[in-house]
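K.L.:
Residue numbers (the numbering used here), protein chains in the order written: chain A, 6 to 316; chain B, 344 to 768.
(1) Can you tell me whether residue 679(B) is helix, strand or coil according to DSSP?
(2) At what residue ranges does the segment 16-49 of chain A contain a whole run of the alpha helix (DSSP H), taking only runs of 4 or more?
(3) Please work out which residues of its chain come closer than 7 Å, Cβ to Cβ, to residue 21(A), disregarding the five sequence neighbours upstream and downstream, and give them in chain order.
(4) If you draw a straight line from the alpha carbon of residue 316(A) to that of residue 310(A), how long is it in whole angstroms?
(5) In three-state DSSP terms, what is residue 173(A)?
(6) The beta strand (DSSP E) with residue 559(B) in it runs from where to where?
(7) Would you kindly check if the distance between the Cβ of residue 663(B) and the Cβ of residue 119(A) is under 7 Å?
(8) By Cβ distance below 7 Å, which residues in the same chain neighbour residue 246(A) in space, the five residues on each side in sequence not counted?
(9) To which residues of the same chain is residue 239(A) closer than 6 Å at the C-beta, ignoring the five residues directly before and after it?
(10) Note down the Cα distance separating residue 605(B) from residue 696(B), rounded to an integer number of angstroms.
(11) Select from 633(B), 707(B) and 731(B) the residue whose C-alpha is nearest the C-alpha of residue 689(B).
(12) Going along chain B in order, which residues have a C-beta closer than 8 Å to the C-beta of residue 272(A)?
(13) Use the C-beta contact count for residue 616(B): other C-beta atoms within 10 angstroms, 16 or more gives buried, fewer gives exposed.
(14) Helix, strand or coil, according to DSSP, for residue 430(B) in the structure here?
(15) So is residue 544(B) in contact with chain A if we call contact Cβ pairs under 7 Å?
(16) Of all the options 625(B), 619(B) and 574(B), which has the alpha carbon lying nearest to the alpha carbon of residue 122(A)?
(17) If we call anything under 7 Å between Cβ atoms a contact, is residue 224(A) one with residue 70(A)?
(18) Does any C-beta atom of chain B lie closer than 7 Å to the C-beta of residue 32(A)?
(19) Between the segment 646-674 of chain B and chain A, which residues of the former have a C-beta closer than 8 Å to a C-beta of the latter?
(20) Starting from residue 152(A) and walking both ways along the beta strand (DSSP E), at which residues does that stretch end?
(21) For chain B, is any of its Cβ atoms less than 7 Å away from the one on residue 205(A)?
(22) Cβ closer than 7 Å: which chain B residues qualify as neighbours of residue 196(A)?
(23) With residue 392(B) as the anchor, note down where its beta strand (DSSP E) starts and where it stops.
(24) Nearest to residue 583(B) by alpha carbon, out of 644(B), 407(B), 366(B) and 431(B)?
(25) Pairing CB atoms from the segment 711-730 of chain B with CB atoms from the segment 753-766 of chain B, are three or more of them under 8 Å?
(26) Using a cut-off of 8 Å between C-beta atoms, extract the partners of residue 96(A) located in chain B.
(27) Return helix, strand or coil for residue 314(A), following the three-state DSSP convention.
(28) Kindly indicate which residue of 357(B), 373(B), 765(B) and 705(B) has the alpha-carbon position closest to the one of residue 323(B).
(29) Classify residue 743(B) as helix, strand or coil using the three-state DSSP reduction.
(30) My output table needs one value for residue 551(B): the three-state DSSP class, helix, strand or coil.
(31) Does residue 617(B) get closer than 7 Å to chain A when you measure Cβ to Cβ?
(32) Any idea which residues DSSP pairs residue 777(B) with across the strands?
(33) Please state whether DSSP places residue 107(A) in a helix, a strand or coil.
(34) Give me the residue from 48(A), 215(A), 105(A) and 197(A) with the minimum Cα distance to residue 237(A).
(35) Using 7 Å as the threshold, is the C-beta distance between residue 719(B) and residue 649(B) below it?
(36) Within 10 angstroms of its Cβ, does residue 448(B) collect 16 or more other Cβ (buried), or is it exposed?
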């Protein structure tokens with residue numbers, strides 16, 4: 006077994022063979038899913054709880070489907086953020102989950118590090134489904150799988166991550182994964198949306214889409230939250246779109262066969278133009294969703310085996 | 344009636360008078376009666392054998408938050424007094440941002456009295472600069488001063504308004520009182536949980552730039568120059584702020600500052616993997632800043648080392664990092680962590696003790712922190728080389744939120760005496 010952690014809390018710290026193992030296993034789940042052999046009993050008798058402190062339809066559904074396809078008993082717990090903004094409730098929840106003998110716990114939380122805190126308190130294997138502005142490991146894995154299936158490799162590719170890098174857990178996880186696997190990563194956005202000292206993560210920084218996209222193999226767009234405009238980080242949506250929104254004109258600077266990716270949900274006309282998002286020759290956004298299920302099956306499978314319950 | 348005590352064969356150390364000699368010290372009726380070589384033991388006096396230990400003035404901690412009034416679930420004054428005694432501290436200046444805030448003369452009296460009731464700790468109350476420490480309306484500085492406030496501060500809240508700060512400095516000057524500022528420009532620090540930089544970026548935590556401290560310090564130095572008032576910057580943590588303070592002192596302005604052990608002993612990496620016990624305000628900084636703080640202890644830019652004690656309940660800390668309350672306890676570890684700077688050669692032992700007693704006493708305008716005939720016998724006996732390990736859960740006092748959990752320290756407090764009465768050891 007080449008994945009050596011009990012949990013999946015972050016991409017940072019994982020070694021290439023661990024990432025490779027998860028991607029390889031996900032690859033086989035893609036084939037099985039496509040062949041119609043979707044029902045497995047890898048997780049039969051195990052309980053998977055989707056604990057979402059933040060609204061999310063697609064990630065939760067993806068984990069739910071992955072768990073069900075592997076035969077787990079899947080329970081969705083959505084905890085409204087208004088009733089939970091104190092962490093003691095988080096730990097109370099952990100105690101409750103322990104009492105239910107939960108095997109796999111998928112957590113999304115608005116606070117960076119919340120899954121780490123839960124992982125200290127629960128017996129279950131914890132899977133981070135997005136925590137604050139920290140990490141979103143399964144998103145990076147599904148992005149990597151999408152890229153690898155289209156380009157046959159990760160090493161040596163130039164990947165441009167564009168937009169609100171500062172607030173993006175997707176960007177952080179992707180930066181860690183892609184740099185670990187040997188891709189060259191660029192981040193493009195206005196200086197106000199760049200994390201401090203981001204170059205220490207091994208990326209090149211650009212503030213101009215044309216130079217940043219020049220020669221890129223992959224163009225990865227990030228969602229821009231509306232509230233960033235109120236915070237003064239970006240003056241307006243139209244100004245952002247003018248300089249950092251992806252349209253056909255800017256995309257022309259990337260390689261002719263460059264792929265366009267977006268973790269969803271998209272703000273059409275803010276960070277991405279519909280013509281690009283829906284271009285079947287360039288956009289792999291729908292494929293990302295398909296890869297998401299396979300990657301989550303691979304993660305759930307791997308972590309349940311780590312428990313020794315499935316051997 | 345307190346029994347008399349004779350310390351035999353101890354190293355007597357008082358940097359303020361240059362005293363550093365092997366000898367005896369006699370305490371009668373709570374007063375230092377005599378010291379020197381070969382003192383006789385009066386009938387009935389308890390003898391304490393030196394055994395390589397150092398006897399110094401009880402430590403004067405010029406910045407500590409107490410749980411009372413308002414936050415008794417975190418710590419009571421009685422439990423803080425236990426922790427202080429275990430740390431060799433006999434005098435402590437308490438922050439006013441309690442609930443209610445210490446913004447009324449009656450509350451100043453109350454805090455002094457609560458200190459006296461402990462029998463082991465003199466509590467010197469700071470009073471609020473603004474009512475409720477809310478930063479809006481000046482408190483009754485004159486009446487508060489008259490009631491016994493040692494200086495004015497809004498505690499963990501920086502006084503943001505330049506106009507109010509100007510008024511406070513001018514007005515307090517008339518009463519000969521200092522304004523103590525938490526140096527953090529609030530709009531830059533708002534919502535921040537860690538020092539801005541690589542680590543905060545990796546952890547996805549909102550950052551507080553180091554410049555937030557220097558900006559506030561620069562503004563307040565300008566206001567001190569404008570008003571002739573005295574500003575004291577608390578828990579200074581960055582190289583840039585220290586450089587500004589050094590220049591202001593050279594200029595002759597009434598600028599002083601302190602720091603706290605975390606800022607010369609720890610750097611930001613202590614928060615790795617979201618350790619909320621290392622979440623402090625100001626946040627732990629990069630190592631270059633930590634080194635600058637240590638250097639400023641040595642060159643005299645820093646006037647005092649304070650515990651910056653901030654008691655927290657486990658529930659205040661068992662939260663996602665950005666939601667956890669900042670602050671660490673510091674009473675029991677104040678001496679040990681400071682002595683690490685002696686053991687690593689940054690400062691000399693007398694200099695360390697001066698930063699922990701005589702100098703803060705002078706800043707607070709009190710007659711303490713001296714080994715002198717006729718002075719009150721507030722004493723700390725410690726062994727400089729003995730080793731102990733800090734362990735959260737086993738520290739004296741109620742609050743256990745130490746950022747130094749697991750740290751081995753050289754320097755063990757053997758006993759603490761308040762007005763001649765043994766209160767620890």
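C-beta atoms are modelled at their ideal positions from N, C-alpha and C, and glycine is treated no differently.
P.N.:
Inspection of the coordinates gives the following:
(1) Translated into the one-based positions of the second chain, residue 679(B) becomes position 336. Three-state result, residue 679(B): helix.
(2) 21-39
(3) Within the first chain, the letter at position 16 stands for residue 21(A). The answer, listed in chain order, is 185 and 186.
(4) Counting from 1 along the first chain, the entry for residue 316(A) is found at position 311. Counting from 1 along the first chain, the entry for residue 310(A) is found at position 305. Residue placement at residue 316(A) is poorly supported in this model, since its pLDDT is 36, which falls under 50; the coordinates still yield a value, given next. Computed Cα separation, rounded: 7 Å.
(5) Along the first chain, read from residue 1 onward, the residue named residue 173(A) stands at position 168. The answer is coil: DSSP assigns residue 173(A) none of H, G, I, E or B.
(6) If you number the second chain from 1, residue 559(B) lands on position 216. Looking at the DSSP string, residue 559(B) is not in any beta strand (DSSP E); the run it does join, the alpha helix (DSSP H), is 554-570.
(7) Taking the first chain and counting its residues from 1, one reaches residue 119(A) at position 114. Taking the second chain and counting its residues from 1, one reaches residue 663(B) at position 320. In terms of Cβ geometry, residue 119(A) and residue 663(B) form a close pair [threshold 7 Å].
(8) Taking the first residue of the first chain as position 1, residue 246(A) is located at position 241. Within the same chain, residue 246(A) has close Cβ partners 274 and 275.
(9) For the purposes of this step, residue 239(A) is taken as residue 234 along the first chain, with counting starting at 1. Closer than 6 Å at the Cβ level, and outside the excluded window around residue 239(A), lie 233 and 245.
(10) By 1-based counting over the second chain, the position of residue 605(B) is 262. By 1-based counting over the second chain, the position of residue 696(B) is 353. Those two C-alpha atoms are separated by around 17 Å.
(11) Within the second chain, the letter at position 346 stands for residue 689(B). When only C-alpha atoms are compared, the closest one is 633(B).
(12) Taking the first residue of the first chain as 1, we reach residue 272(A) at position 267. Around residue 272(A), no beta-carbon contact reaches into chain B at under 8 Å, the shortest distance being about 21 Å.
(13) Taking the second chain and counting its residues from 1, the one referred to as residue 616(B) is at position 273. Per the 10 Å Cβ criterion, exposed.
(14) Reading the second chain from its first residue, position 87 is the one you call residue 430(B). Residue 430(B): coil per DSSP, three-state reduction.
(15) Numbered from 1 along the second chain, position 201 holds the residue referred to as residue 544(B). With 7 Å as the cut-off, residue 544(B) counts as an interface residue toward chain A.
(16) Taking the first residue of the first chain as position 1, residue 122(A) is located at position 117. Minimum Cα distance to residue 122(A) is reached at 619(B).
(17) Taking the first residue of the first chain as 1, we reach residue 224(A) at position 219. Taking the first residue of the first chain as 1, we reach residue 70(A) at position 65. The answer is no: Cβ separation not under 7 Å.
(18) For the purposes of this step, residue 32(A) is identified with residue 27 of the first chain, where counting begins at 1. Not an interface residue.
(19) 658, 661, 662, 663, 664, 665, 666 and 667
(20) Position 147 of the first chain, counting from 1, holds the residue named residue 152(A). Segment 142-156 is the alpha helix (DSSP H) holding residue 152(A); no beta strand (DSSP E) there.
(21) Counting from one through the first chain, the residue named residue 205(A) turns up at place 200. Yes, residue 205(A) counts as interfacial toward chain B.
(22) Reading the first chain from its first residue, position 191 is the one you call residue 196(A). The contacting residues do not exist; residue 196(A) stays about 14 Å from chain B at best.
(23) Indexing the second chain from 1 puts residue 392(B) at position 49. Segment 389-392, the beta strand (DSSP E) holding residue 392(B).
(24) Indexing the second chain from 1 puts residue 583(B) at position 240. Measuring from the Cα of residue 583(B), the nearest candidate turns out to be 644(B).
(25) yes
(26) Translated into the one-based positions of the first chain, residue 96(A) becomes position 91. In chain order: 661.
(27) For this step, residue 314(A) is matched to residue 309 along the first chain. Residue placement at residue 314(A) is flagged as unreliable, the pLDDT there being 44, under the threshold of 50; the coordinate-derived value follows with that caveat. Looking at residue 314(A) - three-state DSSP - the assignment turns out to be coil, as it is neither helix nor strand.
(28) This structure cannot speak to residue 323(B), because chain B is shown only from 344 to 768.
(29) Along the second chain, read from residue 1 onward, the residue named residue 743(B) stands at position 400. DSSP places residue 743(B) in coil when its eight states are reduced to three.
(30) Working through the second chain from its first residue, we reach residue 551(B) at position 208. Note: residue 551(B) maps to strand in three-state DSSP.
(31) Locating residue 617(B) in the second chain gives position 274, where the first residue counts as 1. Yes, residue 617(B) counts as interfacial toward chain A.
(32) Residue 777(B) cannot be examined here, being either before or after the span of chain B that is shown, 344 to 768.
(33) Within the first chain, residue 107(A) is the residue found at index 102, counting from 1. Residue state for residue 107(A) is assigned as coil, using DSSP reduced to three classes.
(34) Along the first chain, one-based indexing puts residue 237(A) at 232. Residue 197(A) is the option with its Cα nearest to residue 237(A).
(35) In the second chain, counting from the first residue as 1, residue 719(B) sits at position 376. In the second chain, counting from the first residue as 1, residue 649(B) sits at position 306. Against a cut-off of 7 Å, the Cβ pair of residue 649(B) and residue 719(B) comes out as no contact.
(36) For the purposes of this step, residue 448(B) is taken as the residue at position 105 of the second chain. Buried.
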